[in-house]
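For the first sequence, the working numbering gives the first residue as 78, with consecutive numbering after it. Backbone N, C-alpha and C define an ideal beta-carbon position, used for all residues, glycine too.
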Amino acid sequence: MVTDPGLLESGSAPAHAAVVVRGAPAEQLARTSPVPMSRPPTPAAPVLAAPTRSEARSAPLWSWWATARRALPWRETRDPWEVLVAEMMLTQTQVARVVPRYRSFLERFPDPASAAVAGPGAVLAAWVGLGYNRRALQLQRTAVRVVEEHGGVLPRDPSQLERLPGVGAYLARAVAVFAFEADLGVVDTNVGRLLARAVVGRPLRRREAQVLADQLVPRGKGWAWNQAMLDLGALVCRRRSPHCNACPWQADCRWAGSGPDPAAGSFAVGARQAPFAGSDRQGRGRLVRAAAAAGPAGIAAADLARVAGWPDDPTRAERVAAGLVEEGLLAWTPAGTLALPVPAGPGRELPRGASAPR
DNA sequence: AAGGCGGGGAC
DNA sequence: GTCCCAGCCTT
Numbered sequence: 078m079v080t081d082p083g084l085l086e087s088g089s090a091p092a093h094a095a096v097v098v099r100g101a102p103a104e105q106l107a108r109t110s111p112v113p114m115s116r117p118p119t120p121a122a123p124v125l126a127a128p129t130r131s132e133a134r135s136a137p138l139w140s141w142w143a144t145a146r147r148a149l150p151w152r153e154t155r156d157p158w159e160v161l162v163a164e165m166m167l168t169q170t171q172v173a174r175v176v177p178r179y180r181s182f183l184e185r186f187p188d189p190a191s192a193a194v195a196g197p198g199a200v201l202a203a204w205v206g207l208g209y210n211r212r213a214l215q216l217q218r219t220a221v222r223v224v225e226e227h228g229g230v231l232p233r234d235p236s237q238l239e240r241l242p243g244v245g246a247y248l249a250r251a252v253a254v255f256a257f258e259a260d261l262g263v264v265d266t267n268v269g270r271l272l273a274r275a276v277v278g279r280p281l282r283r284r285e286a287q288v289l290a291d292q293l294v295p296r297g298k299g300w301a302w303n304q305a306m307l308d309l310g311a312l313v314c315r316r317r318s319p320h321c322n323a324c325p326w327q328a329d330c331r332w333a334g335s336g337p338d339p340a341a342g343s344f345a346v347g348a349r350q351a352p353f354a355g356s357d358r359q360g361r362g363r364l365v366r367a368a369a370a371a372g373p374a375g376i377a378a379a380d381l382a383r384v385a386g387w388p389d390d391p392t393r394a395e396r397v398a399a400g401l402v403e404e405g406l407l408a409w410t411p412a413g414t415l416a417l418p419v420p421a422g423p424g425r426e427l428p429r430g431a432s433a434p435r
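In structure tokens:
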């Protein structure tokens, strides 16, 4: 008998019998639209071609996952805010870099209300070092919106989640699946790579990938299935040098690790990015980090160029600093120094129009 | 469709 | 050194 870790993890998962094959054949995926937010009606006929059948893939995946699964702190919760914080931190950031920062951030901001009240500067100060500092601002703005429009509780509908600042298609579904245990497929870089390589053996368009991911989810096991898929992509079907010998889908893989990588150019699979060293991004990061370290006093204008890493190019430093101010990541103080947008620390008032936290 | 956005670990 | 990561947003 195949063990089913999903039933151990997912309190609401029904103890049902067999995985049911649903959905449309792979050849029809492209014209299935729009992406359904819930399971479409079960069609009469068996549909997915043999290599893409969910049933053939679920048993090996569960067996593999029972021993290979990663123990990660955000897998211990179903709180939607805690899930959102994890997913926001994990955006383009490796798991190993998020783990040591996750719990300490949640201790400081245990719910949307606390982040809304604290203000952008405080959230940013707790974020510095994780990278992509805009995410901290977006998370804080989302917290304000959740307090103002949703009574301080994140909505469970992906389409509503997606309207929140910084919450796109992936994050909305990730919250729906990992907090509310929806039976949807999440497509990040790991899953996107896995689908392209193992399931279809060719690059996938956005909608194809999303529909296919949805169809593979065994009913009632969305949480465990997606966590297992992420683990399989991250640990076995890696971007470089995949461990095909250790893969539970080796017998059914449409690629098998030789020849051109079908994941190249497929949806959610990252493209090359510009060099970081010497970029504006690098200077921006230095300025925000230095502002966080300087506290309310801020960075003296005379130090900007040196702090940004361009001692011989103050014009560039000022331009980049102006951009950070424009985006709300930094602010000029009355003294003419550059600081985080609001004083970090307790005792701030709520933004005008915000309701009191519960 | 393409480019900007952090930073650190793997190679 | 280069590459890439539980993406999102703007142009």
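{"query": "Best match in Arg316, Arg361, Ala323, Gly360 for proximity to Ala348 [C-alpha to C-alpha]", "result": "Arg316"}
{"query": "Neighbourhood of Gly362 by C-beta distance below 8 Å, restricted to the same chain and skipping five residues each side", "result": "Gly208, Asn210"}
{"query": "Residues near Pro418 in its chain [Cβ-Cβ closer than 8 Å; skip 5 each side]", "result": "Gly196, Pro197, Gly198, Leu201, Gly405, Leu406, Leu407, Ala408"}
{"query": "Reference Ala371, options Glu164, Leu415, Pro391, closest by Cα", "result": "Leu415"}
{"query": "Identified DSSP bridge partners for Leu281", "result": "Leu281 pairs with nothing; no bridge assigned."}
{"query": "C-beta contact flag for Ala367 and Val384 at 7 Å", "result": "yes"}
{"query": "Buried/exposed call for Gly229, threshold 16 Cβ in 10 Å", "result": "buried"}
{"query": "Validate contact between the region 233 to 252 and the region 320 to 327 using beta carbons, cut 8 Å, 3 pairs", "result": "no"}
{"query": "Boundaries (first-last residue) of the alpha helix (DSSP H) holding Glu404", "result": "391 to 404"}
{"query": "Contained alpha helix (DSSP H) runs [length at least 4] in the region 212 to 294, N- to C-terminal order", "result": "235 to 238, 246 to 255, 266 to 271, 283 to 293"}
{"query": "Residue nearest to Leu271 in terms of C-alpha spacing, selected from Ala259, Ala145, Cys330", "result": "Cys330"}
{"query": "Given Val268 as reference, the closest of Ala340, Ser356, Trp158 once Cα atoms are compared", "result": "Ala340"}
{"query": "Burial state of Asn322 (16 or more Cβ within 10 Å)", "result": "exposed"}
{"query": "C-beta atoms of Leu231 and Val221 nearer than 7 Å", "result": "no"}
{"query": "Beta-bridge pairing of Ala416 - partner residues as DSSP gives them", "result": "Ala408"}
{"query": "Neighbour-count burial assignment, Glu184, 16 or more Cβ in a 10 Å radius", "result": "exposed"}
{"query": "Where Ala127 falls: helix, strand or coil (DSSP)", "result": "In this predicted model, Ala127 has a pLDDT of only 45, less than 50, meaning its place in the structure is not dependable enough to derive any value."}
{"query": "Proximity winner among Leu289, Val288, Pro189, relative to Leu241 (alpha-carbon distances)", "result": "Pro189"}
{"query": "Local Cβ density within 10 Å of Pro177, reported as buried at 16 or more and exposed below that", "result": "exposed"}
{"query": "Three-way DSSP call (helix, strand, coil) for Val112 in this model", "result": "Only weak support is given to the placement of Val112: the predicted model assigns it a pLDDT of 35, under 50, and the question is left unresolved by the model."}
{"query": "Segment contact flag, the region 133 to 145 with the region 301 to 309, C-beta cutoff 8 Å, min 3 pairs", "result": "yes"}
{"query": "Buried versus exposed call for Thr219 [16 or more other C-beta atoms within 10 Å across all chains shown]", "result": "buried"}
{"query": "Straight-line Cα distance separating Thr392 from Glu258", "result": "51 Å"}
{"query": "For Arg383, the first and last residue of its enclosing alpha helix (DSSP H)", "result": "381 to 385"}
{"query": "Same chain, Cβ closer than 6 Å to Val160, neighbours up to 5 away in sequence not counted", "result": "Val252, Phe255, Ala256"}
{"query": "Spatial neighbours of Val397 in its chain, beta-carbon cut-off 8 Å, leaving aside the 5 residues before and after", "result": "Asp357, Gly360, Arg361, Leu364, Ala385"}
{"query": "Supposed close pair Phe182, Val205 - CB separation, criterion 8 Å", "result": "Actually they are not in contact, since the Cβ atoms of Phe182 and Val205 sit about 11 Å apart, beyond 8 Å."}
{"query": "Neighbourhood of Met166 by C-beta distance below 8 Å, restricted to the same chain and skipping five residues each side", "result": "Val175, Arg178, Tyr179, Phe182, Leu207, Arg212"}
{"query": "Check whether Ala382 and Pro373 have beta carbons under 7 Å apart", "result": "no"}
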